[in-house]
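Beneath this line is the structure, given in structure tokens, with notes to follow.
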Amino acid sequence: MKCKLAIVALLFSIVSLAQRDEIGSIKTEIVQKRELTFALHIPKNTKEKKPLIVFLHGSGEKGTDIEKVKAHGPFKYLKSHDLDAYVLAPQCPENEYWNEEVLYRLILKIQKENNIDSNKIYLTGLSMGAWGAWNLVFAHPETFAALVPIAGYVDRIPMIENCKIAAIPTRIFHGLLDDVVNVEYSIAMYKKLKTCNTNVALTIFDDANHDSWTRVYDNQEIYDWMFKQTKNRQNEN
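Counted the way mature numbering (1 follows the signal peptide of the UniProt record, and there is no 0) counts, the sequence shown spans residues -20 to -1, 1 to 217.
Here's what the structure looks like:
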């Protein structure tokens, strides 16, 4: 018995001596291919530079039927009104969520191909689109002249990096009775932004459930407000 124990102890000693730490490095490149379809409204007069409204839809409009993106928001408004601006509405594919870098590259493409005023690019979205708008504006705050998120939830990074968009006029909307996305998300983000952004407002509709966006997008007032904002005059109310 003593002999067996000695053999085990010897083997353990050999294994221990064989262990070591290594330090190394790896260089790699991960390429992801993404595709987005989109609808683009082009204003009547394109000889002069015009604003661009970027609209991100909610989860119910995902897919391949581009007409879905016209069910809500600025495109719905355009069915019976005019907007002297470009309006871009990408469509999120099924089983995916908004990717801020893909959206940013799409905006750059639209800017390059159209006569757009780079100081008047506005970002808005509803529900999942508001979540996407929050993430996009924090990833590229230098791009946008105004932000209008509606009924959206907010990730941790915007909450802790709130002052990255201190210079961007922001109008937040939410329904008090929202049983899909808790209104507390908008309230918390508003409180965070108020610490450094002098041009932020929160509107809570006491009688609205998740659809707090219809009354916002169907009203000329929100478009008039956006068109007043520029990256050179972002302190204007």
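All C-beta atoms in this analysis are idealised placements derived from N, C-alpha and C, irrespective of residue type, glycine included.
Fair warning: this is a prediction, and the values are worked out from it, not measured in the lab.
Item, Value
"CB-CB length for Pro155 against Ser192, believed under 8 Å", "The sequence given here has Gly at residue 155, not Pro. Going by Cβ atoms, the distance from Gly155 to Ser192 rounds to 4 Å, so yes, they are a contact pair."
"Close-in-space but distant-in-sequence residues of the same chain around Lys30 (CB under 7 Å, 5 per side omitted)", "Pro23, Asp64, Ala65, Tyr66, Asn95, Ile96, Asp97"
"Straight-line Cα distance separating Val161 from Ala51", "20 Å"
"Residue span of the beta strand (DSSP E) that contains Ile6, given as start and end", "That residue, Ile6, is in no beta strand (DSSP E); it is neither H nor E in DSSP."
"DSSP-derived helix/strand/coil call for Gln209", "coil"
"C-beta atoms of His37 and Gly112 nearer than 7 Å", "no"
"Val117, DSSP secondary structure in three states", "helix"
"Simplified DSSP assignment, three categories, for Arg(-1)", "coil"
"Own chain partners of Val117 with C-beta closer than 7 Å, once the 5 adjacent residues on each side are dropped", "Leu103, Phe124, Leu127, Ile145, Ile148"
"Strand pairing of Ile152, partner residues [DSSP]", "Leu182"
"Strand pairing of His21, partner residues [DSSP]", "Val67"
"Separation of Val49 from Thr17, as counted between CA atoms", "10 Å"
"Whether Ala173 touches Val180 by CB criterion (7 Å)", "Note that residue 173 is Leu in the sequence shown, not Ala. Taking 7 Å as the Cβ cut-off, Leu173 and Val180 qualify as a contacting pair."
"Beta strand (DSSP E) segment containing Tyr102, residue limits", "96 to 106"
"Straight-line gap, Pro70 to Ser5 (C-alpha atoms, nearest Å)", "39 Å"
"Exposure of Glu41, with buried meaning 16 or more beta-carbon neighbours within 10 Å", "buried"
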